[in-house]
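Chains as they are written, first to last, in numbering that gives the first Met the number 0: chain A, 0 to 322; chain B, 0 to 322.
There are 2 protein chains.
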Amino acid sequence: MGKKAIGIDLGGTAIKGAIIDEGGICGGVIRVPTEAQGGGRRIMENILSLIGRLAEGGGGPGAFIGVGIGTPGFVDSDGVILNGGANLPGWTGMQVYAPIAERFGLRSSAANDVTSVALAELMFGAGRGVKNMVCFALGTGVGGGIVTNGRLYKGSHGMAGEIGHIVVETNGEECPCGQRGCVERYASATGIVKMAAAMAKEAADGNVTELAEFVRANPGEVTSKLVYEYAAKGDALALRVHERACDMLGRAVGIVINTFSPDRVVLGGGVMMAGSVVLEAVKRYAALHCWPEIFKLCEIVPARMGEDAGVLGAGALALEEFG
Amino acid sequence: MGKKAIGIDLGGTAIKGAIIDEGGICGGVIRVPTEAQGGGRRIMENILSLIGRLAEGGGGPGAFIGVGIGTPGFVDSDGVILNGGANLPGWTGMQVYAPIAERFGLRSSAANDVTSVALAELMFGAGRGVKNMVCFALGTGVGGGIVTNGRLYKGSHGMAGEIGHIVVETNGEECPCGQRGCVERYASATGIVKMAAAMAKEAADGNVTELAEFVRANPGEVTSKLVYEYAAKGDALALRVHERACDMLGRAVGIVINTFSPDRVVLGGGVMMAGSVVLEAVKRYAALHCWPEIFKLCEIVPARMGEDAGVLGAGALALEEFG
Chain A
0 MGKKAIGIDL GGTAIKGAII DEGGICGGVI RVPTEAQGGG RRIMENILSL
50 IGRLAEGGGG PGAFIGVGIG TPGFVDSDGV ILNGGANLPG WTGMQVYAPI
100 AERFGLRSSA ANDVTSVALA ELMFGAGRGV KNMVCFALGT GVGGGIVTNG
150 RLYKGSHGMA GEIGHIVVET NGEECPCGQR GCVERYASAT GIVKMAAAMA
200 KEAADGNVTE LAEFVRANPG EVTSKLVYEY AAKGDALALR VHERACDMLG
250 RAVGIVINTF SPDRVVLGGG VMMAGSVVLE AVKRYAALHC WPEIFKLCEI
300 VPARMGEDAG VLGAGALALE EFG
Chain B
0 MGKKAIGIDL GGTAIKGAII DEGGICGGVI RVPTEAQGGG RRIMENILSL
50 IGRLAEGGGG PGAFIGVGIG TPGFVDSDGV ILNGGANLPG WTGMQVYAPI
100 AERFGLRSSA ANDVTSVALA ELMFGAGRGV KNMVCFALGT GVGGGIVTNG
150 RLYKGSHGMA GEIGHIVVET NGEECPCGQR GCVERYASAT GIVKMAAAMA
200 KEAADGNVTE LAEFVRANPG EVTSKLVYEY AAKGDALALR VHERACDMLG
250 RAVGIVINTF SPDRVVLGGG VMMAGSVVLE AVKRYAALHC WPEIFKLCEI
300 VPARMGEDAG VLGAGALALE EFG
């Protein structure tokens, strides 16, 4: 019988939990409210009772090798949350390993939720059989996860993988992180929307595309999905936004390939729902920002994990560490 | 008795070899001519006879756990040299593991020479006791080596660590690698000399510093060492070159810190002979190109290894892999 772990994926509105073994999710995913407004202790209590439910349904705590937790922010090596974020007030500073050990006698391994998704891709998805891999998650921001020598690379304080803040444009767009020109400013869903707004504003009045008209009339309703719908119809503004987003992402992918020489770069997150148009453009731009010899040995592929990536990645953290 | 390895450092004019154990170099370093003009087989024969000499002096091949080799270019996982470089004609494509196994019954581990130096720093120098580390070697070019989880990270095809080709300036200086704005164009000895030449040329005639005069009169005699001698005397042009080199290097260091979250970044190579002025400026600029939380957990320190870094690193390759 394969080893089993409990995976917990903490989000701003819901906590998802599941039993994970080397085949993936056993049974189904359980979803409970985070109750973030209740503060750090309330969140922890909700995590603990979800672990209890899953353990009970799976033969008791003794049937599991440990608990994996994916969380916003970072997790230091003792299991203390750093930078838990504005969506989870009171979560920063919480110690997550001790209460789980106390209540269930189980060891835990926690990491940033986006970083954990890289492990899900490694074990169950686009990274199977790969030794070295870098995942980009193109969502509201740009996050990442790095696998070296077949293991998730967490860095010295659980903080590795901030590849969304690779600077790709000198004196580029301001980023809340304090830098300018971070790839996140261009290749995230937020970045795409902002670029569309800026370009629509700048467009000379004689040269306004359908998307530009829509953006001007409904600035609050623009999404990256919408931009890509217009791009698919050949809208010139949408295509310019697309090219710029992929150029910038290609630069970051090039830096990552030159540095890590990975077998694969995996692109995931909401922006990738636009499909192969993004993948092909990023490949084209990355090739310009990379050593040809290193580039040709690296595949750039789409992520395979769907909406359960977070909980699978969380379970994978425990399978990797204690399995 | 500690484990011993044979370390071989292949350069364009000389091959250096030594017996290495966990304490460092046992006995002395032996240096023989590369005879690069003789082609790949001649180079390999010279390496083999140097291994023979070292083995004989150290109790025969059976007394060693293996051979480590640092070489220009890359080494694939089977021991075949890729991109051996113009200084070693015929070296590309050579298989290095098989003849060593055949003649001495010893296993080998080979890697890029600059990358191997990172391992020397890890085992014997500025990286002792560290799990995650990135080394920058600021020489004719900018090379690098990456340590993750206490081991040298070679990447999927021995090609990781091309951190000299991180792009730090959009549409910056052209680089032979095909990109523009690689950090190597600014922070290497070559880059520093080129910047000094360009700035001296641009300087308005009423505004010519002593260094600018020297550069204009003796363009072939400018070195990065000279630029730093003028900088130490307060020459305005030299200081501008220095600031620009360190700004650019700081950007690359920032990217590397955001990505790897290492315990330490180690700066070595000829440019670092200028001393703490470089180190302090790079720290200052890196802080601007990095997440503050990640930055404050990472030390930026000078390399400790001297001229035997290459041979120590080569031996360390074997100690790490077979020890």
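Virtual Cβ for every residue (Gly too), placed ideally from N, Cα, C.
The beta-carbon separation of Val281(B) and Val240(B), rounded to 14 Å, does not stay under the 8 Å limit for a contact. If you check the CB distance, Gly144(A) and Ala117(A) come in under 8 Å. In this chain, Lys130(B) is not harboured by any beta strand (DSSP E), its DSSP state being neither H nor E.
Contact of Val182(B) with chain A is not assigned, every C-beta pair being separated by 8 Å or more. Taken in chain order, the members of the region 76-87 of chain A whose beta-carbon sits within less than 9 Å of a beta-carbon on chain B are Leu81 and Asn82. Cβ-Cβ separation between Ala195(B) and Val226(B): approximately 5 Å, consistent with a contact (criterion under 8 Å). By a beta-carbon distance limit of 8 Å, Val166(B) does not contact Gly177(B). Their separation comes to about 11 Å. The secondary-structure analysis by DSSP pairs Ala136(B) across a beta bridge with Gly142(B) and Gly267(B).
Unbroken alpha helix (DSSP H) runs of no fewer than 4 residues, entirely contained in the region 6-32 of chain B, are not found.
Counting along the chain, the unbroken alpha helix (DSSP H) around Val276(B) starts and ends at Ser275 to Leu287. The residues Ser260 and Asp262, in chain order, have a CB closer than 8 Å to that of Leu296(A) in the same chain once the five nearest residues on each side in sequence are set aside. Using a Cβ-Cβ cut-off of 8 Å, Lys282(B) is close to nothing in chain A; its nearest Cβ partner there is about 16 Å away.
Using a C-beta cut-off of 8 Å, the region 102-118 of chain B makes contact with the region 63-70 of chain B, since at least three inter-stretch Cβ pairs fall below that distance. With a beta-carbon spacing of about 7 Å, Gly190(A) and Ala244(A) fall inside the 8 Å limit used to define contacts. When Cβ-Cβ separations below 8 Å define contact, Tyr152(A) makes contact with chain B.
Taking the Cα of Val129(A) as reference, the smallest distance to any Cα among Tyr96(A), Thr222(A) and Ile299(A) is reached at Ile299(A). Contacts between Glu292(A) and chain B, judged by CB atoms closer than 9 Å, involve Phe73, Leu81, Asn82, His156 and Met158 in chain order. Between Phe259(A) and chain B, the shortest Cβ-Cβ separation is below 8 Å. Our two residues, Ala62(B) and Gly126(A), have alpha carbons roughly 41 Å apart in a direct line. Taking 8 Å as the upper bound for CB-CB distance, Glu168(A) and Trp290(B) are not in contact here, some 18 Å apart. In the pairwise beta carbon analysis, the region 82-91 of chain A is classified as touching the region 20-39 of chain A: at least three pairs are separated by under 8 Å. Against Arg250(B), the close residues of chain A are Val166, in the order they occur along the chain (beta-carbon pairs closer than 7 Å).
The DSSP-derived three-state label of Arg303(A) is coil.
Close partners of Lys193(B) in chain A (Cβ separation under 9 Å) are lacking, with about 19 Å as the shortest Cβ gap.
In the three-state DSSP reduction, Arg106(B) falls in the coil class, being neither helix nor strand. By the neighbour-count definition (other C-beta atoms within 10 Å, threshold 16), Arg184(A) is a buried residue. Contact between Gly26(A) and Gly16(A) is ruled out by a C-beta separation of about 11 Å, above the 8 Å threshold. Taking a C-beta distance under 8 Å as the contact criterion, Ala119(B) and Met271(B) do not qualify as a contact pair. Among the residues facing chain A, Leu318(B) is not included, as its CB has no counterpart in that chain under 8 Å away.
Look at Lys200(A) here: in three-state DSSP terms it is helix. Distance between Leu81(B) and Gly92(B), taken at the CA atoms: about 6 Å.
In this structure, the CA atom of Glu306(B) is about 44 Å from the CA atom of Ala317(A). At a cut-off of 8 Å between beta-carbon atoms, Glu173(B) makes no contact with chain A.
Secondary structure of Cys181(A) (DSSP, three-state): strand. For the alpha helix (DSSP H) assignment, the uninterrupted runs of no fewer than 4 residues enclosed by the region 233-268 of chain B are, from N- to C-terminal side, 235-259.
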